[in-house]
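Everything on this sheet refers to the single structure shown next.
Protein chains in written order, with our numbering: chain A, 59 to 487; chain B, 59 to 487.
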């Protein structure tokens with residue numbers, strides 16, 4: 059089956075936002091074995107949206123429209139879809155109730171009149187609840203239930219899916235409702251497993267598996283670089299999940315042999331902080347963070363994981379030298395002799411954080427994120443990360459060369475990975 | 059003039075890469091006053107690319123194709139464009155020489171045979187040198203020089219631009235050659251200003267300016283919701299920047315009247331943390347953060363701003379009750395009587411953070427980010443934010459209902475906005 063994505067929104071055409079929804083849908087459809095031939099972005103313009111939808115219906119089996127479901131006048135995806143499919147818009151009492159509950163629960167703002175527009179649905183459609191916003195999703199199967207609707211469907215047996223534009227609304231709805239629905243439509247699947255790696259760059263990783271990637275047909279390996287990480291996706295076209303797993307397994311096993319402990323997970327949904335938190339929980343490790351240039355981002359990442367309170371009781375943001383001395387007991391002499399951005403200061407920060415808090419582990423970072431503050435000896439991008447576990451210390455030096463934001467994002471990943479490796483060395487996996 | 063972008067590459071349709079080129083081109087065309095009605099992504103497939111290009115030529119004045127100019131067999135953008143425009147491909151000696159120089163300059167092994175494919179250009183086209191790769195860009199004006207070419211141009215007077223897909227090749231070529239060329243084609247510009255608001259939802263904001271938005275033609279107002287913020291873009295089509303500013307000014311002035319201090323900036327490039335840091339710097343405010351559920355994200359956001367060290371010396375992550383008592387001197391009795399997530403605890407955290415650090419300002423957060431930890435009295439999403447400035451306290455209660463991640467993102471924005479409002483109340487703007 060062939061899916062086409064239509065991203066609706068003038069903000070895309072003006073360049074105000076990057077269209078990440080099309081990318082997300084592309085990944086998901088590939089996983090489901092659904093082909094994608096066209097992705098179209100079009101503005102909130104009735105005539106152009108009508109033409110775009112008609113063209114899509116004429117050449118694709120599944121049309122997924124995203125955006126333009128909001129409460130305002132310029133949101134017209136639902137109205138245009140109803141028009142093209144020759145169906146009526148009717149009020150959905152369930153959605154109306156859900157919207158009322160949404161506003162009540164939030165207790166922040168009153169329901170304004172225009173929000174009721176979002177309770178209108180296309181006749182004969184299946185409503186997909188939105189747990190993170192007001193606009194519901196809709197699924198229309200043009201042939202199914204046609205007799206119950208008022209109009210004709212001149213495009214044959216097609217599936218039209220309408221989803222809200224904000225990714226934090228779209229993604230949960232797709233995962234929970236749309237993917238299972240589409241999965242049933244498409245016989246055969248693409249089965250894929252993800253191998254996530256830290257501690258090696260993308261081109262190095264590719265070199266390490268060049269022989270596996272050369273002439274690959276089924277399964278295939280695709281590499282994705284992501285701030286300090288490399289993700290390898292192994293994908294097989296198969297009749298079913300069981301066959302897919304069998305096809306993918308030897309490749310994943312080979313990747314495990316080659317990358318060994320650089321692999322932090324083979325679970326698609328797990329990210330580095332999840333792994334680190336579960337490692338800590340398993341070994342009863344209590345961590346204290348001490349952050350200078352990352353200013354709280356490492357702790358913030360750990361606290362992303364539900365239940366993080368079991369492994370992180372406290373953390374320090376010691377941006378100034380005074381704070382490093384006052385809270386972490388970094389010696390004045392150390393700061394004088396080696397500077398705030400040094401292996402020695404990082405080590406004292408880490409030991410200090412553990413001692414002050416009574417934690418058995420600590421993670422400390424000091425560096426120059428830029429754009430200012432660099433010198434010839436200590437350029438922008440110089441970062442020291444120190445980790446202590448049960449009184450033992452590891453310190454690493456990094457020389458990064460991205461923007462301020464990128465340097466800090468990389469530092470967070472490298473710090474979490476240092477902690478992961480330290481735990482593995484101490485306890486085995 | 060209307061431009062259409064065609065992004066060519068199966069890697070986009072498989073979701074291997076996010077199509078940032080379309081976003082880049084959208085921003086640039088908007089700046090040049092060139093409208094963009096459609097963005098299409100299509101794979102490396104001859105028939106579908108032909109259909110896509112023909113459709114684009116039938117409805118747009120300028121068609122910019124990106125990607126598919128590489129040396130391999132599946133790169134066919136140039137071949138397809140030549141076919142559709144009925145022109146020949148001819149070898150360009152200048153490009154051949156440049157490619158040779160490119161390989162020599164990089165000390166790469168000899169030029170492989172397939173690289174010479176990149177020295178072929180479309181008859182009658184203008185070659186745009188690529189200083190960061192081998193594939194040249196091409197500009198074809200279908201009417202200009204038509205008599206010199208072999209074929210017909212059935213699409214009228216159109217401009218077709220071919221650019222390589224890698225952003226590090228495309229962007230420098232666009233900036234240096236394509237933008238100046240397109241600028242000459244398009245008389246007039248789009249001038250826009252941005253009004254960024256905190257403290258009101260999107261639909262409420264729209265209700266407040268419904269009369270301004272109804273029947274708007276030039277300038278127009280567009281609203282964008284962004285985690286706890288609303289951005290209003292006022293755009294005017296004008297002969298030049300001076301005229302654009304004159305057209306936009308009365309609308310922006312009216313927005314300022316209506317939203318008043320909810321507006322935190324009218325500078326497109328400035329975000330909330332930039333404003334807060336510059337407010338603090340102006341009034342010599344030194345801030346200390348005390349974060350529970352946000353676990354360092356507020357400090358992390360402030361430290362995003364270069365030069366943040368002047369206004370943030372230190373911060374605490376006090377996830378556990380013990381840490382709240384130990385570092386922030388929150389009373390045991392307060393925790394017992396009101397709980398960790400309470401107005402009273404938030405207030406003591408804020409006062410404690412200021413007292414311990416000797417800062418004149420503090421920002422403290424305690425809440426239940428979810429998904430666990432909620433009760434009937436204190437549900438997930440309940441958050442208290444406390445701010446002290448010169449010994450005076452403000453505390454606010456919020457009831458959020460997003461995911462763990464979204465609740466924390468909103469909390470960061472609301473905390474920064476509370477600090478901004480507190481400073482404004484104390485010092486005027």
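We treat Cβ as the ideally placed atom computed from N, Cα and C, and that holds for glycine.
Exposure of residue 173 of chain A, with buried meaning 16 or more beta-carbon neighbours within 10 Å:
Under this definition residue 173 of chain A is a buried residue.
Looking at chain B, which residues of the stretch 394-419 of chain A have a Cβ within less than 7 angstroms of any of its Cβ atoms?
From the stretch 394-419 of chain A, no residue has a Cβ closer than 7 angstroms to chain B.
Please confirm if the stretch 304-312 of chain A is in contact with the stretch 450-467 of chain A, defined as three or more CB-CB distances below 8 angstroms between the two stretches.
Note that the stretch 304-312 of chain A does not touch the stretch 450-467 of chain A; fewer than 3 beta-carbon pairs, one per stretch, sit closer than 8 angstroms.
Taking residue 450 of chain A as part of the beta strand (DSSP E), name the residues at either end of that continuous run.
Counting along the chain, the beta strand (DSSP E) containing residue 450 of chain A begins and ends at 450-457.
Quick one: Cα of residue 454 of chain B to Cα of residue 410 of chain B, how far?
Those two C-alpha atoms are separated by around 17 angstroms.
Per DSSP, residue 420 of chain B forms a beta bridge with which residues?
In DSSP, residue 420 of chain B forms a bridge with B:346, B:446.
Residues of its chain near residue 302 of chain A, where Cβ-Cβ distance is below 7 angstroms and the 5 sequence neighbours each way are ignored
Taken in chain order, the residues that qualify are 247, 249, 294, 296.
Boundaries of the beta strand (DSSP E) in which residue 488 of chain A is found, first to last residue
Nothing can be reported for residue 488 of chain A, as the shown portion of chain A is limited to 59 through 487.
Neighbouring residues, chain B, relative to residue 373 of chain A (Cβ below 7 angstroms):
Residues of chain B whose Cβ lies closer than 7 angstroms to the Cβ of residue 373 of chain A are, in chain order, 354, 375.
Any residues in the stretch 328-360 of chain B with a beta carbon nearer than 8 angstroms to a beta carbon of chain A? Which ones, in chain order?
Residues passing the 8 angstroms Cβ filter: 347, 349, 351, 352, 353, 354, 355, 356, 357, 358, 360.
Mapping DSSP to helix, strand and coil, what is residue 145 of chain B?
Note: residue 145 of chain B maps to coil in three-state DSSP.
Give the DSSP-derived three-state secondary structure of residue 410 of chain B in the structure shown.
Residue 410 of chain B falls in the helix class under three-state DSSP.
Spatially closest choice to residue 180 of chain A from A:224, A:135, A:191, by CA coordinates
With distances taken between Cα atoms, residue 180 of chain A lies closest to A:135.
Contact set between the stretch 416-450 of chain A and chain B, restricted to residues whose Cβ is under 9 angstroms from the partner:
Hits within the stretch, in order: 427, 428, 429, 430, 431.
Verify the CB distance criterion: does residue 107 of chain A have a CB-CB separation below 8 angstroms to chain B?
Residue contact with chain B for residue 107 of chain A: absent (no Cβ-Cβ distance below 8 angstroms to any residue of chain B).
Beta-carbon gap between residue 350 of chain B and residue 431 of chain B smaller than 8 angstroms:
The answer is no: Cβ separation not under 8 angstroms.
Any idea what DSSP makes of residue 287 of chain A, helix, strand or coil?
The three-state secondary structure of residue 287 of chain A, taken from DSSP, is strand.
Sequence-distant residues of the same chain with beta carbon closer than 6 angstroms to residue 97 of chain A, five excluded per side
Cβ within range, chain order: 63, 80.
Mind listing the chain B neighbours of residue 370 of chain A? Cutoff is C-beta to C-beta under 7 angstroms, in chain order.
Neighbours of residue 370 of chain A on chain B, chain order: 377.
Short CB-CB distance (under 8 angstroms) between residue 101 of chain A and chain B:
Cβ-Cβ to chain B under 8 angstroms: yes for residue 101 of chain A.
How far does the beta strand (DSSP E) with residue 266 of chain A in it reach, from first residue to last?
Annotation: residue 266 of chain A is outside any beta strand (DSSP E); the continuous alpha helix (DSSP H) that includes it extends over 260-266.
Quick one: what's got a C-beta closer than 8 angstroms to residue 320 of chain A's C-beta in the same chain, skipping five residues either side?
Same-chain partners within the cutoff: 255, 256, 257, 258.
Chain B contact residues for residue 139 of chain A, given Cβ-Cβ distances below 8 angstroms:
Under the 8 angstroms cutoff, chain B gives no residues; its nearest Cβ is about 18 angstroms from residue 139 of chain A.
Below 8 angstroms, how does it come out for the stretch 222-234 of chain B and the stretch 153-161 of chain A: are there three or more Cβ pairs, yes or no?
Result no; under three Cβ-Cβ pairs closer than 8 angstroms.
Helix, strand or coil at residue 405 of chain B according to DSSP, with G and I counted as helix
In the three-state reduction of the DSSP assignment, residue 405 of chain B falls in the helix class.
Quick check on DSSP: helix, strand or coil for residue 59 of chain B?
Annotated three-state conformation of residue 59 of chain B is coil, per DSSP.
Taking 8 angstroms as the threshold (beta carbon to beta carbon), is residue 251 of chain B in contact with chain A?
No, no contact with chain A.
Just the Cα atoms here: how many angstroms apart are residue 101 of chain B and residue 481 of chain B?
Residue 101 of chain B and residue 481 of chain B have their C-alpha atoms spaced approximately 53 angstroms apart.
Within 8 angstroms of any Cβ in chain A, is that where the Cβ of residue 279 of chain B sits?
Chain A contact via Cβ: absent.
Checking the sheet assignment: what are the DSSP bridge partners for residue 280 of chain A?
The secondary-structure analysis by DSSP pairs residue 280 of chain A across a beta bridge with A:291.
Report the three-state DSSP secondary structure of residue 251 of chain A (helix, strand or coil).
DSSP places residue 251 of chain A in strand when its eight states are reduced to three.
State the start and end residues of the unbroken alpha helix (DSSP H) segment that holds residue 239 of chain B.
For residue 239 of chain B, the uninterrupted alpha helix (DSSP H) segment begins and ends at 237-243.
Taking only the alpha-carbon atoms, compute the straight-line gap between residue 125 of chain A and residue 281 of chain B and give it to the nearest angstrom.
Spanning the two alpha carbons is a distance of roughly 14 angstroms.
The stretch 343-363 of chain A in contact with the stretch 353-360 of chain B per 3-pair CB rule at 8 angstroms
Short answer: they touch.
Return no unless some Cβ of chain B is closer than 8 angstroms to the Cβ of residue 392 of chain A.
For residue 392 of chain A, the answer is no, since every Cβ of chain B falls outside 8 angstroms of its Cβ.
Alpha carbons only, please: which of A:263, A:326, A:267 is nearest the one belonging to residue 286 of chain A?
That would be A:263, whose Cα lies nearest to the Cα of residue 286 of chain A.
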